[in-house]
Each structure stands twice: as structure tokens, then as C-alpha cells.
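Residue numbers (the working numbering): 1049 to 1140. Written out below as C-alpha cells is the structure these notes cover.
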Amino acid sequence: MRYYFDWDPNKAKTNRIKHGIGFEQASTIFLDPRMISVFDTEHSEHEDRLATIGIDGNGILLVVVHTFQQLDADSFAYRKIKKLNLILLSKI
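Set out below in C-alpha cells:
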């Protein structure tokens, strides 16, 4: 499966200041073969949200809250991450 990431630049800047990690780095948890995603029922009133925990490319354990939509383009399946919100950081 291939992923296409898309986020609001203003939200990305706010999260980088707040957490010290950018969405580009946070998105690398989706390459972690041991990542785990769970449905976020508490925050899914208007759209389905997932919380995913995984290790990023720098060895930092992250929890990322996100939404996604499935896209089909030229027989390839893409998962478009619509929103990416960093909610927890922890060094391993």
C-alpha cells in the first residue's frame, strides 16, 4: 500500500512548535511494520479518526491521530492521510 500525506501548513507549524517534531518526521511511523492503529471513538463525531502508535525514522515512539480516505488512481491503491496531529512523544 502506498500513502499520500496531506496536511494544513499552519497546523503543521503549530505542531512543530508545540511538540518539536514536524509532520514529515511523524509520518514515518507508517513505515514501522509494528505500528498499531485503533479507532478513536471519542473524537470521531464528524469524521473517522484513528490513533496510530509507531516508531519514527529517528527511533522516537510517537502517537499520531489522523483521518484517511481511500483513493484509487491508475489501479494503484493510495491511502491519503487527510489530517495528521501529533499527540504524544516519547524517546525510546
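Note that CB positions come from ideal geometry on N, CA and C, so glycine has one too.
Which residues DSSP lists as bridging residue i, in chain order
{"i": "residue 1079", "result": "Answer by DSSP bridge pairing: none, since residue 1079 is not bridged."}
{"i": "residue 1092", "result": "Paired residues: none, contrary to the question."}
{"i": "residue 1087", "result": "1098"}
Nearest to residue i (by Cα), restricted to the options the options
{"i": "residue 1090", "options": "1069, 1072, 1113", "result": "1113"}
{"i": "residue 1074", "options": "1082, 1116, 1060", "result": "1060"}
Unbroken alpha helix (DSSP H) run spanning residue i, endpoints
{"i": "residue 1065", "result": "1057-1067"}
C-beta contact flag for residue i and residue j at 8 Å
{"i": "residue 1104", "j": "residue 1097", "result": "no"}
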